[in-house]
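2 protein chains.
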Amino acid sequence: MQTNPLKPHGIYSPVLTPFNADRSPDFDRYVKHCRWLIDQDVGLAIFGTNSEATSLSLGERHKLLDALIEAKIPPHKMMPGTGACALPDVIDLTRHAVQSGCGGVLMLPPFYYKGVSEEGLYRYYSAVIDAVADERLRIYLYHIPPVSGVPIPHTLIARLLSAYPVTIAGIKDSSGDWSNTQAMLEKFQPQGFDVFAGSENFLLRNLRLGGAGCITATGNVNPGAIVQLYKTWREGTADESQAKLDATRAVFAKFPMIPAMKAAIAWKTGRSDWGTVRPPLVELTTEQSKELHEALAGVNFELPNASSLV
Amino acid sequence: MQTNPLKPHGIYSPVLTPFNADRSPDFDRYVKHCRWLIDQDVGLAIFGTNSEATSLSLGERHKLLDALIEAKIPPHKMMPGTGACALPDVIDLTRHAVQSGCGGVLMLPPFYYKGVSEEGLYRYYSAVIDAVADERLRIYLYHIPPVSGVPIPHTLIARLLSAYPVTIAGIKDSSGDWSNTQAMLEKFQPQGFDVFAGSENFLLRNLRLGGAGCITATGNVNPGAIVQLYKTWREGTADESQAKLDATRAVFAKFPMIPAMKAAIAWKTGRSDWGTVRPPLVELTTEQSKELHEALAGVNFELPNASSLV
Numbered sequence: 029m030q031t032n033p034l035k036p037h038g039i040y041s042p043v044l045t046p047f048n049a050d051r052s053p054d055f056d057r058y059v060k061h062c063r064w065l066i067d068q069d070v071g072l073a074i075f076g077t078n079s080e081a082t083s084l085s086l087g088e089r090h091k092l093l094d095a096l097i098e099a100k101i102p103p104h105k106m107m108p109g110t111g112a113c114a115l116p117d118v119i120d121l122t123r124h125a126v127q128s129g130c131g132g133v134l135m136l137p138p139f140y141y142k143g144v145s146e147e148g149l150y151r152y153y154s155a156v157i158d159a160v161a162d163e164r165l166r167i168y169l170y171h172i173p174p175v176s177g178v179p180i181p182h183t184l185i186a187r188l189l190s191a192y193p194v195t196i197a198g199i200k201d202s203s204g205d206w207s208n209t210q211a212m213l214e215k216f217q218p219q220g221f222d223v224f225a226g227s228e229n230f231l232l233r234n235l236r237l238g239g240a241g242c243i244t245a246t247g248n249v250n251p252g253a254i255v256q257l258y259k260t261w262r263e264g265t266a267d268e269s270q271a272k273l274d275a276t277r278a279v280f281a282k283f284p285m286i287p288a289m290k291a292a293i294a295w296k297t298g299r300s301d302w303g304t305v306r307p308p309l310v311e312l313t314t315e316q317s318k319e320l321h322e323a324l325a326g327v328n329f330e331l332p333n334a335s336s337l338v
Numbered sequence: 029m030q031t032n033p034l035k036p037h038g039i040y041s042p043v044l045t046p047f048n049a050d051r052s053p054d055f056d057r058y059v060k061h062c063r064w065l066i067d068q069d070v071g072l073a074i075f076g077t078n079s080e081a082t083s084l085s086l087g088e089r090h091k092l093l094d095a096l097i098e099a100k101i102p103p104h105k106m107m108p109g110t111g112a113c114a115l116p117d118v119i120d121l122t123r124h125a126v127q128s129g130c131g132g133v134l135m136l137p138p139f140y141y142k143g144v145s146e147e148g149l150y151r152y153y154s155a156v157i158d159a160v161a162d163e164r165l166r167i168y169l170y171h172i173p174p175v176s177g178v179p180i181p182h183t184l185i186a187r188l189l190s191a192y193p194v195t196i197a198g199i200k201d202s203s204g205d206w207s208n209t210q211a212m213l214e215k216f217q218p219q220g221f222d223v224f225a226g227s228e229n230f231l232l233r234n235l236r237l238g239g240a241g242c243i244t245a246t247g248n249v250n251p252g253a254i255v256q257l258y259k260t261w262r263e264g265t266a267d268e269s270q271a272k273l274d275a276t277r278a279v280f281a282k283f284p285m286i287p288a289m290k291a292a293i294a295w296k297t298g299r300s301d302w303g304t305v306r307p308p309l310v311e312l313t314t315e316q317s318k319e320l321h322e323a324l325a326g327v328n329f330e331l332p333n334a335s336s337l338v
């Protein structure tokens, strides 16, 4: 499907960041979780929204990436989030990712000011590219207006692609608006700009229109089935497989997603500290956990090889 | 009006951050601008929204505050913004402010995730207070939902005030919704929780209901007249003075506010680099600058003692 096997494609997951009870990152469980994902053919979109990346300091992000590199996790399968409000931070994080050999970076727009101009967003991305000044850099734009409050319009993509046709490599569309994904698949995918769906709900539709795959939170808890659909989407079972993915995701989506995924891993591994989140997020209540377990049992939820996670 | 003269009250301004042509902070002009504000009885809400604080790295913020301290600008007149998405950053910035002797800190809620729970916001603020663990800490909450996307509900204020009655010192209300300011003046100001209006448009109304003053962007460009109303609000001229303040502010509000204020200072000081902003903000165009000059002339705009700014 892809001519270059090293080019990011397929299923990526914004890697959950495990914390100790004191809310410091647990490097050991982090490495194990990443290895577990890689073993199931899931790429590592570390430092995404579902990684609580904006709740981590720059220093913590550096150390977490370094820990993966030291553990020999293959960097070309990593796509760290490096977008931030302050350009010096974005440049620092992006440079670190490129110098570590990461296959790409997933870049939020600056998300504090709202209603900023397209010219301002263009200057932000071009300032990063010019400052990092490394031909290995591959940027995947991150369109997630329900959270960031700052959309990435198609006119901005066209302008960036025209100025930096190699560096601007693709997008994750987490708008939840399929018509937006579809329009980008039609307009930009033929130019080699890889469109990733923002969840597996849109995986089959995305692949049928030539998309690159999806980058999805629930890759953290349901990797096997999602990857399976990616590998078999041309077969007759595809629609049925998609329906099963949707049913599992719907369970997690009934709860605050990040605490629910962490609670599911805590449950299946027996490690309660897997449930820990950083404020402003809040762990599931006992009552919510119970509801989650019952609902997950209803979709025959399993975490394969869970013992390797702790 | 206030029993403790060192307690923040009156007029504060989110201090504009001057950049060099390469967008690095200009420490010299920064110190001069702060001294100019202090000389006009305007307190220094450094690192606010209009300071482009979220566009600065932590290291830059440290150096800028240190430059003011070294220049003998009185720290009790400073109220640095220290809110951020990542708790380690908030704790670092807040500790630095307290240890520098700042009169208070203005604290944004974590602003990446939207729709977070009140419990999560409570945990954020209490985690900072517990980690900084300094009885000198005075927190002013920062309610600016049009930008942050994360409101501070009254039930949260009540809970924080109950747990930390001395540390939780007040709020800046930048909602633009007078009914919200009024409700807080009635509910919380009698408990010694100081309510600052988010712009001088609400200054007179705020003072008449017992408020502490205002923290306003246009304090950067119209300090004299705003302070004058604060000092004379009980006199018969107050309504007329308020109308004049509103007219001047309306000129700036017709343009992107931060670039417009910087352009006005660039114009009056003859230093074009005062106009520089960081992406995602964009400088005014030549056409916009011309319109701004004409509109400012219409309200007899002057920058007193502008030569001391460069």
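Line by line, the protein sequences are chains R and H. For the first sequence, the working numbering gives the first residue as 29, with consecutive numbering after it. For the second sequence, the working numbering gives the first residue as 29, with consecutive numbering after it. We put the CB at the ideal spot given by N, CA and C, even for glycine.
Fill in: Euclidean distance between Cα positions of N333 of chain H and V59 of chain R
By 1-based counting over the second sequence, the position of residue 333 of chain H is 305. By 1-based counting over the first sequence, the position of residue 59 of chain R is 31. Cα-Cα distance, rounded: 59 Å.
Worksheet entry | Span of the alpha helix (DSSP H) around F280 of chain H | Start at 1 with the first residue of the second sequence, and residue 280 of chain H comes out as number 252. 266–281 is the span of the alpha helix (DSSP H), which, as asked, contains F280 of chain H.
Worksheet item: Are T244 of chain H and S269 of chain H closer than 7 Å when you measure CB to CB?
Response: Residue 244 of chain H sits at position 216 when you count from the first residue of the second sequence. Residue 269 of chain H sits at position 241 when you count from the first residue of the second sequence. Result no, Cβ atoms of T244 of chain H and S269 of chain H do not sit closer than 7 Å.
Worksheet item: How close, in whole Å, do the beta carbons of P36 of chain R and E88 of chain H come, if the pair is a contact with beta carbons under 8 Å?
Response: Numbered from its first residue, the first sequence carries residue 36 of chain R at position 8. Numbered from its first residue, the second sequence carries residue 88 of chain H at position 60. With 8 Å as the limit, P36 of chain R and E88 of chain H do not qualify as a contact, their Cβ atoms being about 33 Å apart.
Practice prompt. Give me the Cβ distance between S317 of chain R and A275 of chain R, rounded to the nearest whole Å; I'm assuming they're in contact under 8 Å.
Written response: Position 289 of the first sequence, counted from the first residue, corresponds to residue 317 of chain R. Position 247 of the first sequence, counted from the first residue, corresponds to residue 275 of chain R. The pair is not a contact, with the Cβ atoms about 20 Å apart (cut-off 8 Å).
Worksheet item: Applying a beta-carbon distance threshold of less than 7 Å, which residues of chain R neighbour L232 of chain H?
Response: On the second sequence, residue 232 of chain H is found 204 positions in, with the first residue counted as 1. Per Cβ cutoff of 7 Å: no residues; L232 of chain H is ~28 Å from chain R at best.
Worksheet entry | Length of the line joining the Cα atoms of F139 of chain H and G264 of chain R | Reading the second sequence from its first residue, position 111 is the one you call residue 139 of chain H. Reading the first sequence from its first residue, position 236 is the one you call residue 264 of chain R. Approximately 44 Å, taken between the alpha carbons.
Fill in: Q127 of chain H classed as buried or exposed, judged by whether at least 16 other C-beta atoms fall within 10 angstroms
Here residue 127 of chain H is taken as the residue at index 99 of the second sequence, counted from 1. Classification for Q127 of chain H: exposed.
Worksheet item: Checking contacts by CB at 7 Å: is Y152 of chain R closer than that to chain H?
Response: In the first sequence, the residue the question calls residue 152 of chain R occupies position 124. Cβ-Cβ to chain H under 7 Å: yes for Y152 of chain R.
Worksheet item: If you measure from the beta carbon of N315 of chain R to each beta carbon in chain H, is any gap under 7 Å?
Response: For the purposes of this step, residue 315 of chain R is identified with residue 287 of the first sequence, where counting begins at 1. Before going on, a small fix: residue 315 of chain R reads as Glu here, not Asn. No, because no Cβ of chain H sits closer than 7 Å to the Cβ of E315 of chain R.
Discussion item. Using the Cβ count rule (16 or more neighbours within 10 Å means buried), how would you classify E214 of chain R?
Written reply: Position 186 of the first sequence holds residue 214 of chain R. Answer is exposed; the Cβ neighbour count stays below 16.
Worksheet entry | For D201 of chain R, the first and last residue of its enclosing beta strand (DSSP E) | Taking the first sequence and counting its residues from 1, the one referred to as residue 201 of chain R is at position 173. Where D201 of chain R is concerned, the enclosing beta strand (DSSP E) stretches over 196–201.
Discussion item. What does DSSP give as the partner residue(s) for H171 of chain R in the beta ladder?
Written reply: Here residue 171 of chain R is taken as the residue at index 143 of the first sequence, counted from 1. Beta-bridge pairing links H171 of chain R to R:D201.
Worksheet item: Are any of the Cβ atoms in chain H nearer than 7 Å to that of E147 of chain R?
Response: Counted from its first residue, the first sequence places residue 147 of chain R at position 119. At least one chain H Cβ lies under 7 Å of E147 of chain R.
Item to complete: In the DSSP assignment, find the beta strand (DSSP E) that holds C242 of chain R and state where it starts and stops.
Response: Taking the first sequence and counting its residues from 1, the one referred to as residue 242 of chain R is at position 214. Taken as a continuous stretch (DSSP letters only), the beta strand (DSSP E) holding C242 of chain R covers 241–243.
Worksheet item: List, in order along the chain, the chain R residues whose C-beta lies closer than 8 Å to that of G177 of chain H?
Response: Walking along the second sequence from the start, residue 177 of chain H turns up at place 149. What G177 of chain H touches in chain R: K142, G177.
Practice prompt. List the whole-angstrom C-beta distance separating P15 of chain R from Y152 of chain R, where the pair is believed to meet the contact cut-off of C-beta under 8 Å.
Written response: Residue 15 of chain R lies beyond the stretch modelled for chain R, which goes from 29 to 338, so this question has no answer here.
Worksheet item: Beta carbon of L232 of chain H, beta carbon of W206 of chain H: below 7 Å?
Response: The count along the second sequence starts at 1 and reaches residue 232 of chain H at position 204. The count along the second sequence starts at 1 and reaches residue 206 of chain H at position 178. No; because the gap between Cβ atoms is not below 7 Å, this pair is not in contact.
Discussion item. Distance cutoff 7 Å, beta carbons only. Does V310 of chain H sit that close to anything in chain R?
Written reply: Here residue 310 of chain H is taken as the residue at index 282 of the second sequence, counted from 1. It does; some Cβ of chain R falls within 7 Å.
Practice prompt. With 7 Å as the C-beta to C-beta threshold (strictly closer), list the residues of the segment 293–307 of chain R near chain H in chain order.
Written response: R306, P307
Worksheet item: Taking Cβ-Cβ distances below 7 Å as the criterion, which residues of the segment 54–84 of chain R are in contact with chain H?
Response: T82, S83, L84
Fill in: Within chain R, the residues that P138 of chain H reaches when beta carbons sit closer than 8 Å
Within the second sequence, the letter at position 110 stands for residue 138 of chain H. Per Cβ cutoff of 8 Å: T82, S83, P307, P308.
Worksheet entry | Span of the alpha helix (DSSP H), counted from its first residue to its last, around D222 of chain R | Against the first sequence, residue 222 of chain R aligns to sequence position 194. Here D222 of chain R belongs to no alpha helix (DSSP H); instead the beta strand (DSSP E) covers 222–225.
Item to complete: Establish whether the CB of A288 of chain R and some CB of chain H are separated by less than 7 Å.
Response: Taking the first sequence and counting its residues from 1, one reaches residue 288 of chain R at position 260. Taking Cβ atoms only, chain H never reaches closer than 7 Å to A288 of chain R, which makes this a no.
Practice prompt. Would you kindly report the start and end of the unbroken alpha helix (DSSP H) that includes V249 of chain H?
Written response: Position 221 of the second sequence, counted from the first residue, corresponds to residue 249 of chain H. Per DSSP, V249 of chain H belongs to no alpha helix (DSSP H) and is neither H nor E.
Worksheet item: Does the beta carbon of D94 of chain R sit closer than 7 Å to a beta carbon anywhere in chain H?
Response: As a working mapping, residue 94 of chain R is identified with position 66 in the first sequence. So, not an interface residue.
Worksheet item: Is the distance from the Cβ of D69 of chain H to the Cβ of V255 of chain H below 7 Å?
Response: Here residue 69 of chain H is taken as the residue at index 41 of the second sequence, counted from 1. Here residue 255 of chain H is taken as the residue at index 227 of the second sequence, counted from 1. In contact: D69 of chain H and V255 of chain H (Cβ atoms closer than 7 Å).
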